[in-house]
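Colleague:
Protein chains: 2
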Amino acid sequence: MSDSHKLYDELVSKYKEYSVLSTVQGVLHWDMQVIMPPEGAGRRAEQLAILAGLSHEKLTAGRIGELIDKLNNSPNGLSEAHRANIREIARDYQLATKLPKEFVEEFSRVKTLAHEIWAEARTKADFGHFAPHLEKLVALSKQAANYYGYKDHPYDALIDQFEPGGTAKMFTKLFDEVKAANIPLLNKILHSSVKANRSILNRDYPADLQKKFGEQVMTQVGFNTKAGRLDVSVHPFCSGGKGDIRITTRYNEQAPQQALFGVIHETGHALYEQEVSGDYLFTPLGEALSMGMHESQSRMWENFIGRGKPFWKHFYAKWQAIFPQQTRGVSMEDFLLAINHVERSFVRVEADEMTYDLHIILRFEIERDLIGGQVSVNDLPTVWNKKMQDYLGITPPNNGKEGVLQDVHWSEAYFGYFPSYSLGNMIAGQLWNTMRNEIAGIDAKIENGQFSEILNWLREKVHLHGRRFGRDELLTKATGSALDTQHYTGYLSHKFGELYQL
Amino acid sequence: MSDSHKLYDELVSKYKEYSVLSTVQGVLHWDMQVIMPPEGAGRRAEQLAILAGLSHEKLTAGRIGELIDKLNNSPNGLSEAHRANIREIARDYQLATKLPKEFVEEFSRVKTLAHEIWAEARTKADFGHFAPHLEKLVALSKQAANYYGYKDHPYDALIDQFEPGGTAKMFTKLFDEVKAANIPLLNKILHSSVKANRSILNRDYPADLQKKFGEQVMTQVGFNTKAGRLDVSVHPFCSGGKGDIRITTRYNEQAPQQALFGVIHETGHALYEQEVSGDYLFTPLGEALSMGMHESQSRMWENFIGRGKPFWKHFYAKWQAIFPQQTRGVSMEDFLLAINHVERSFVRVEADEMTYDLHIILRFEIERDLIGGQVSVNDLPTVWNKKMQDYLGITPPNNGKEGVLQDVHWSEAYFGYFPSYSLGNMIAGQLWNTMRNEIAGIDAKIENGQFSEILNWLREKVHLHGRRFGRDELLTKATGSALDTQHYTGYLSHKFGELYQL
Chain A
20 MSDSHKLYDE LVSKYKEYSV LSTVQGVLHW DMQVIMPPEG AGRRAEQLAI LAGLSHEKLT
80 AGRIGELIDK LNNSPNGLSE AHRANIREIA RDYQLATKLP KEFVEEFSRV KTLAHEIWAE
140 ARTKADFGHF APHLEKLVAL SKQAANYYGY KDHPYDALID QFEPGGTAKM FTKLFDEVKA
200 ANIPLLNKIL HSSVKANRSI LNRDYPADLQ KKFGEQVMTQ VGFNTKAGRL DVSVHPFCSG
260 GKGDIRITTR YNEQAPQQAL FGVIHETGHA LYEQEVSGDY LFTPLGEALS MGMHESQSRM
320 WENFIGRGKP FWKHFYAKWQ AIFPQQTRGV SMEDFLLAIN HVERSFVRVE ADEMTYDLHI
380 ILRFEIERDL IGGQVSVNDL PTVWNKKMQD YLGITPPNNG KEGVLQDVHW SEAYFGYFPS
440 YSLGNMIAGQ LWNTMRNEIA GIDAKIENGQ FSEILNWLRE KVHLHGRRFG RDELLTKATG
500 SALDTQHYTG YLSHKFGELY QL
Chain B
20 MSDSHKLYDE LVSKYKEYSV LSTVQGVLHW DMQVIMPPEG AGRRAEQLAI LAGLSHEKLT
80 AGRIGELIDK LNNSPNGLSE AHRANIREIA RDYQLATKLP KEFVEEFSRV KTLAHEIWAE
140 ARTKADFGHF APHLEKLVAL SKQAANYYGY KDHPYDALID QFEPGGTAKM FTKLFDEVKA
200 ANIPLLNKIL HSSVKANRSI LNRDYPADLQ KKFGEQVMTQ VGFNTKAGRL DVSVHPFCSG
260 GKGDIRITTR YNEQAPQQAL FGVIHETGHA LYEQEVSGDY LFTPLGEALS MGMHESQSRM
320 WENFIGRGKP FWKHFYAKWQ AIFPQQTRGV SMEDFLLAIN HVERSFVRVE ADEMTYDLHI
380 ILRFEIERDL IGGQVSVNDL PTVWNKKMQD YLGITPPNNG KEGVLQDVHW SEAYFGYFPS
440 YSLGNMIAGQ LWNTMRNEIA GIDAKIENGQ FSEILNWLRE KVHLHGRRFG RDELLTKATG
500 SALDTQHYTG YLSHKFGELY QL
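In order, the protein sequences belong to chains A and B.
Letter 471 of the first sequence, counting from 1, is numbered 490 in this note's numbering, and no numbers are missing.
Letter 172 of the second sequence, counting from 1, is numbered 191 in this note's numbering, and no numbers are missing.
#1: Which residues mark the beginning and the end of the alpha helix (DSSP H) in which B/L355 is found?
#2: Sorted by chain position, which residues of the same chain lie with C-beta nearer than 7 Å to B/K346's C-beta, five sequence neighbours on each side aside?
#3: What residue does the alpha helix (DSSP H) around A/Q385 start on, and which one ends it?
#4: List the residues of chain B whose Cβ lies closer than 9 Å to the Cβ of A/T42, in chain order.
#5: If you measure from the beta carbon of A/V46 to each beta carbon in chain B, is any gap under 8 Å?
#6: Any Cβ of chain A within less than 8 Å of the Cβ of B/L30?
#7: Considering B/S98, what are the terminal residues of the alpha helix (DSSP H) in which it resides?
#8: Skipping 5 residues on each side, what residues in its chain have a beta carbon closer than 8 Å to that of A/T374?
#9: What does B/R248 reach in chain A if we use C-beta pairs closer than 8 Å?
#10: Since A/L381 meets chain B, which of its residues come closer than 8 Å, beta carbon to beta carbon?
#11: Could one say the Cβ of A/D50 lies closer than 8 Å to chain B's Cβ atoms, at least one of them?
#12: Residue range of the beta strand (DSSP E) that A/G443 falls in?
#13: In terms of residues, what are the limits of the alpha helix (DSSP H) holding A/R524?
#14: Is the beta carbon of A/F437 sitting closer than 8 Å to the one on A/S160?
#15: For the beta strand (DSSP E) holding A/V253, just list the boundary residues, first then last.
#16: Distance cutoff 8 Å, beta carbons only. Does A/D263 sit that close to anything in chain B?
#17: Under a three-way DSSP split, which group does B/G259 fall into?
#18: For chain B, find out if any of its Cβ atoms is closer than 8 Å to the Cβ of A/G260; answer yes or no.
#19: Leaving out five residues on either side along the sequence, give the residues of the same chain with a beta carbon under 7 Å from the beta carbon of B/N322.
#20: Strictly under 8 Å for the Cβ-Cβ distance: is A/I136 near chain B by that measure?
#21: Look at the alpha carbon of B/E139 and the alpha carbon of B/Y167, and state the distance between them as a whole number of angstroms.
#22: How far does the alpha helix (DSSP H) with B/Y224 in it extend, from its first residue to its last?
#23: At a Cβ threshold of 8 Å, is A/K161 touching chain B?
#24: Flag this pair as touching only if the segment 38–53 of chain A and the segment 64–81 of chain A have three or more C-beta atom pairs under 8 Å; answer yes or no.
#25: Mind checking which residues open and close the alpha helix (DSSP H) that includes A/D22?
#26: Measure the beta-carbon distance from A/A14 to A/I266 and round it to whole angstroms, keeping in mind my assumption that it falls under 8 Å.
#27: Can the beta-carbon of A/K192 be found closer than 8 Å to that of A/D171?
#28: Would B/R222 pass as a contact of B/A357 if the rule is Cβ separation under 8 Å?
#29: Is it buried or exposed, A/P255, if we count other Cβ atoms within 10 angstroms and call 16 or more buried?
#30: In whole angstroms, what is the alpha-carbon distance linking B/I465 and B/S471?
#31: If we ignore side chains and look at the alpha-carbon of each, how far apart do A/R106 and A/Y112 end up?
#32: How would you call B/V213, buried or exposed, if buried means at least 16 neighbouring beta carbons within 10 angstroms?
#33: How big is the Cα-Cα spacing for B/S350 and B/I341?
#34: Roughly how many whole angstroms lie between the Cα atoms of B/N243 and A/Y169?
#35: Whole angstroms is fine: what's the gap from A/R487's alpha carbon to A/L308's?
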């Protein structure tokens, strides 16, 4: 074995220790949100703080820096994949060495407690209860941005954690393009004479039957139930990795579409993790490219496939079999229109496909100005409500589940994450157009409940590569061009034009 | 702050890192047995191996040895509690430094995989499937005994992990005393004209109702449900600690006594962990004294209290309310006799109070001879079945759930643990006699469903002290004398004499 291979193996085995410790934190976070009794919070905070410190210690070990330097100086005989893994380990190392261990531990402790307080505050719609904790999270996030460094705006440093190279400026431009196309389209839809009958979804759909149907869909699109689970939590999420991937949802018995599309969304995330390369587990090439790429998968399955007509040509009879009374007199077309109903609404995770990006743009702007210092924590309820009025034409009735406290992200200091959701839509639009050209008779296959070609296509074009390529590099290989929002806006225009007879 | 206090604080904070990492392993073990999908085993093995290595590294850090030496050389100004904590940290440090880190990691990896194989082999009653893994576990355990060192017998080194100072010789003597008293008593019971009507328990008791009753009992005896949970696993256990204590059980719908007394047993363990001193969390004074002491608590609640007449004078009406049809025409006395029915049986965890110790003695002797090298792994099914015939007069119909594969312990290399169960009975007998003298009207209180004085007594005499005293020291403080088996054998003789009219 050559010297460079020995050094590479040592580097990867050191990175693996860090990576495995991160997955342990994932298990504890899952447990905290799904299983843990309330008085376990203090104990869990101790556990997470020590693990955060240890995994940081592992990633920032001086030996990792030495190995990266040596490998960069004499990369002879290393394959392209090896070089990509070294490049990405170096990225993680550089990001992590910028934060002192004590800072990481303190941040973890504050986040764990803040999360518990947020859950209470959200239930009570009491922003003041959460505000002092959010102050701390914002201050610590600004401090993190300073540690990371940035050229233009401190928020750039936070975005970069989730979306390498992403900036406030870049997203402002992308969002402008999306707004320019979508706002006129939204107005047309809201004035269309076609009206969905949403009341057919407000009937009583028992949670256990919703779960049964959700599991049917998960399994049929390709989720391996021997290597994963579906559970319940306040805020739905996907965690774990190849071999043990766990998704969660929450059931509203008078609005089954929430859990249904939530499950399909999280299944999209899960399929990405499930189909990564087994050869590169616990290394960057076995990890998702970015949060935006992750969201492209979840939103592809949720909306492009799961809210499409071919999908329901296959699944509607199964849905009727599970809910015979609730679907009496409801045609597949009625149902399709109901699950694609467009409206002005308060809650992001329940928002329809057309208005979803406006919810994201609102959060993006607030985060940018909060981190930039133009908005203070105490102003948040006011700023939130004003922007809701400006963009969606409605004012939330409270600061809790319908208002500023609705999302889990800020309680975990995930500033910079939100833009990834809309980026995911844009990427999904672009992948979708190419995939439709390359898989012959794709709609007929979906109508027959055959999803394996779609999953294979996504696996080969996206999942298997992990972090091997950058976003635009991967998109160019997969679709022939870098990110271009026209694919997404064109998809929306076509789909809703048809549904609403515009 | 004096120098010795500074050193003490540093020692305790270093020990705490180790201790918290151990609790993380506890969460992952719980998850593995309750929640984890089957294909998660490889991933979990990686996680547990790294955590085992890290917690070992933390406990064996040279600085801990230095701090212990310094504190032992100048203990001025330290309280008795501080000195006890230093003594017990030193014990853990010395035990751990004897095992090389690589050995600990390898052992953890082998155990995790062996556990999965054991679960399959047990279901298929296929000893050969598990045997090669058990070979490895025995070899590694012998190697561990050599690392630890011992005077008399390698098994002593393994027992000492769970029961400090316990030896094969000591247990042989204790078990001889128990056998001499119990075998004649067992024969009298089996020949008594009083016969329980066990068929009243073979009716259909739905699992969800069993769970409901179990939770009632847990709560009423003092388990804080905001700081713990009850779940299902193949082999029942208790894990976690103050703030988040989790017990498990399994439901047999035609034998509700199994889960019922399983839950009360695990609740006994849980109450010990729940009532330790909050001032000493994550240090030895916040941990249970020994496995034998732990079992004394579980078996006290399960048998001495939970299978007693006063307990059912309180709970029988509640049981009837949950199971009105199943208990039709069944008096409290019929029920009491049925749950105290004595018989020759195959499965330890389902064995009655009278024959239980014989199951333990069998395992104790097999482990002793397996570790001593007088018995080989391949002989185990034969040796097991012969001893079952000799001690209990019956031969198991298979090597699975009714035979040699029934217990989880060997799959986790818990050699040396089994004797603790019977030691627990002996300790419980001694505590019970003193407690009955010190709590006026104890039976009447139990009949009224009042358990707080019992829990207070156990907290003050046992739980709060953690590892501050040795077993005999604690027993002498609590009961006036060191361990004496006559309390336990006398208790059995009195209880079963009354039930079976001997």
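Virtual Cβ for every residue (Gly too), placed ideally from N, Cα, C.
This structure is a prediction, so every number in the text was calculated from the model and none was measured.
Modeller: According to the data block:
#1: As a working mapping, residue 355 of chain B is identified with position 336 in the second sequence. Where B/L355 is concerned, the enclosing alpha helix (DSSP H) stretches over M351 to I358.
#2: Taking the second sequence and counting its residues from 1, one reaches residue 346 of chain B at position 327. Strictly speaking, residue 346 of chain B in this sequence is Thr, with Lys absent from that position. Taken in chain order, the residues that qualify are W338 and Q339.
#3: Translated into the one-based positions of the first sequence, residue 385 of chain A becomes position 366. The residue asked about is misnamed: residue 385 of chain A is Ile in this sequence, not Gln. First-last of the alpha helix (DSSP H) with A/I385: Y375 to G391.
#4: As a first step, residue 42 of chain A is located in the first sequence; it is residue number 23 there, counting from the start. Those within 9 Å of A/T42 in chain B are R62, E65 and Q66.
#5: Within the first sequence, residue 46 of chain A is the residue found at index 27, counting from 1. So yes, A/V46 belongs to the interface.
#6: Translated into the one-based positions of the second sequence, residue 30 of chain B becomes position 11. Not one chain A Cβ lies under 8 Å of B/L30.
#7: Residue numbering aside, residue 98 of chain B sits at position 79 when the second sequence is read from its first letter. No alpha helix (DSSP H) holds B/S98; DSSP gives it neither H nor E.
#8: To locate residue 374 of chain A, count along the first sequence from 1; it is residue 355. Taken in chain order, the residues that qualify are L205, V361, E362, R363, S364 and L411.
#9: Walking along the second sequence from the start, residue 248 of chain B turns up at place 229. Here the neighbours are I54 and P56.
#10: Position 362 of the first sequence, counted from the start, is the residue given in the question as residue 381 of chain A. Within 8 Å Cβ-Cβ: nothing; A/L381 doesn't reach chain B, min ~37 Å.
#11: As a working mapping, residue 50 of chain A is identified with position 31 in the first sequence. The Cβ of A/D50 sits closer than 8 Å to at least one Cβ of chain B.
#12: Looking up residue 443 of chain A in the first sequence gives position 424. No beta strand (DSSP E) contains A/G443, which is instead part of the alpha helix (DSSP H) from F437 to E457.
#13: Residue 524 of chain A lies beyond the stretch modelled for chain A, which goes from 20 to 521, so this question has no answer here.
#14: Taking the first sequence and counting its residues from 1, the one referred to as residue 437 of chain A is at position 418. Taking the first sequence and counting its residues from 1, the one referred to as residue 160 of chain A is at position 141. The answer is no: Cβ separation not under 8 Å.
#15: Your numbering for residue 253 of chain A matches position 234 in the first sequence. Unbroken run through A/V253: none, as it is neither H nor E.
#16: The residue labelled residue 263 of chain A in the question sits at position 244 within the first sequence. For A/D263, the nearest CB of chain B lies under 8 Å from its own CB, placing it at the interface with that chain.
#17: Position 240 of the second sequence holds residue 259 of chain B. It is a strand residue.
#18: The count along the first sequence starts at 1 and reaches residue 260 of chain A at position 241. Answer yes: the Cβ-Cβ gap between A/G260 and chain B drops below 8 Å somewhere.
#19: Here residue 322 of chain B corresponds to residue number 303 of the second sequence, with the count starting at 1. Around B/N322: E372.
#20: The residue given as residue 136 of chain A occupies position 117 in the first sequence. False, the Cβ-Cβ gap to chain B never drops below 8 Å.
#21: For the purposes of this step, residue 139 of chain B is taken as residue 120 along the second sequence, with counting starting at 1. For the purposes of this step, residue 167 of chain B is taken as residue 148 along the second sequence, with counting starting at 1. Each residue's alpha carbon lies about 32 Å from the other.
#22: Position 205 of the second sequence, counting from 1, holds the residue named residue 224 of chain B. It is not in any alpha helix (DSSP H) - B/Y224 carries neither H nor E in the DSSP assignment.
#23: Sequence index remark: in the first sequence, residue 161 of chain A carries index 142 (1-based). A/K161 does not count as touching chain B.
#24: In short, these stretches touch, since the Cβ pair count reaches three.
#25: Taking the first residue of the first sequence as 1, we reach residue 22 of chain A at position 3. D22 to V53 is the span of the alpha helix (DSSP H), which, as asked, contains A/D22.
#26: In the structure as shown, chain A starts at 20 and stops at 521, and residue 14 of chain A therefore has no counterpart that could be examined.
#27: Against the first sequence, residue 192 of chain A aligns to sequence position 173. Against the first sequence, residue 171 of chain A aligns to sequence position 152. Cβ atoms of A/K192 and A/D171: not closer than 8 Å.
#28: On the second sequence, position 203 is the one that residue 222 of chain B refers to. On the second sequence, position 338 is the one that residue 357 of chain B refers to. No, they are not a contact pair.
#29: Position 236 of the first sequence holds residue 255 of chain A. The residue is buried, with at least 16 neighbouring Cβ atoms inside 10 Å.
#30: Residue mapping note: residue 465 of chain B aligns to position 446 of the second sequence, counting from 1. Residue mapping note: residue 471 of chain B aligns to position 452 of the second sequence, counting from 1. Answer to the nearest angstrom: the Cα atoms are 10 Å apart.
#31: Counting from one through the first sequence, the residue named residue 106 of chain A turns up at place 87. Counting from one through the first sequence, the residue named residue 112 of chain A turns up at place 93. The alpha-carbon atoms of A/R106 and A/Y112 are separated by roughly 10 Å.
#32: Reading the second sequence from its first residue, position 194 is the one you call residue 213 of chain B. Counting Cβ neighbours within 10 Å, B/V213 comes out exposed, since fewer than 16 surround it.
#33: Position 331 of the second sequence, counted from the first residue, corresponds to residue 350 of chain B. Position 322 of the second sequence, counted from the first residue, corresponds to residue 341 of chain B. Near 15 Å, if we compare the C-alpha coordinates of B/I341 and B/S350.
#34: If you number the second sequence from 1, residue 243 of chain B lands on position 224. If you number the first sequence from 1, residue 169 of chain A lands on position 150. B/N243 and A/Y169 have their alpha carbons spaced roughly 49 Å apart.
#35: Stepping through the first sequence from its first residue, residue 487 of chain A is reached at position 468. Stepping through the first sequence from its first residue, residue 308 of chain A is reached at position 289. Going by the C-alpha atoms only, they are around 8 Å apart.
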